[in-house]
Amino acid sequence: MLAAVVLAIVLVIAGGIAWWLARGCKLTMVGATGAIVGGVLSLIALVVLLDPEAGLRAAAIITTGSGVWLLAWALAGGIHGQRLLRAEERADAAAGVAPAVLPLTATAER
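The opening residue of the sequence shown carries number 676 in our numbering; numbering runs sequentially from there.
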């Protein structure tokens, strides 16, 4: 029972971290929201259901589903962000703009 509670809390924390790191990416925010809601629902299932076995079963299903949900949406957000970055780099290269990456020695001097 304690392990299920800890896993649900970890899922809520992971969703919060994903939300914080999303930086406005709607895809990742959807995944983070689902993880937070799923973690809370798992905790509710563990507390509210009278039969501990049914509560553990429900919490396991909800936690697993929420974890997969977070992973899928976070990957989709990462792939989307990578595609946007590549498109921006191609547009800059076509316009003749130098990349905004500083050489390693320039950043070490600051």
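Note that the Cβ used here is the ideal one computed from N, Cα and C, for glycine as well. Bear in mind that the values here come from a model prediction, so they are computed numbers and not experimental data.
- Per the coordinates, the alpha-carbon of residue 729 lies some 25 Å from the alpha-carbon of residue 690.
- If you keep only unbroken alpha helix (DSSP H) runs of at least 4 residues inside the region 716-778, you get 727-770.
- Residue 766 and residue 731 have their C-alpha atoms roughly 52 Å apart.
- Here residue 676 carries a coil assignment [DSSP, helix/strand/coil].
- CA-CA distance, residue 770 to residue 760, rounds to 15 Å.
- Residue 709 counts as buried, since no fewer than 16 other beta carbons sit within 10 angstroms of its beta carbon.
- For residue 745, the closest alpha carbon among the candidates 692, 734, 699 and 758 is that of 692.
- Taking C-beta separations shorter than 6 Å and ignoring five residues to either side along the sequence, residue 676 has no partners in its chain.
- Linking residue 758 to residue 739 through their CA atoms gives a straight-line distance of about 29 Å.
- Its chain contains 700, 702 and 703 as the residues whose beta carbon lies nearer than 6 Å to that of residue 752, once the 5 sequence neighbours on both sides are disregarded; these appear in chain order.
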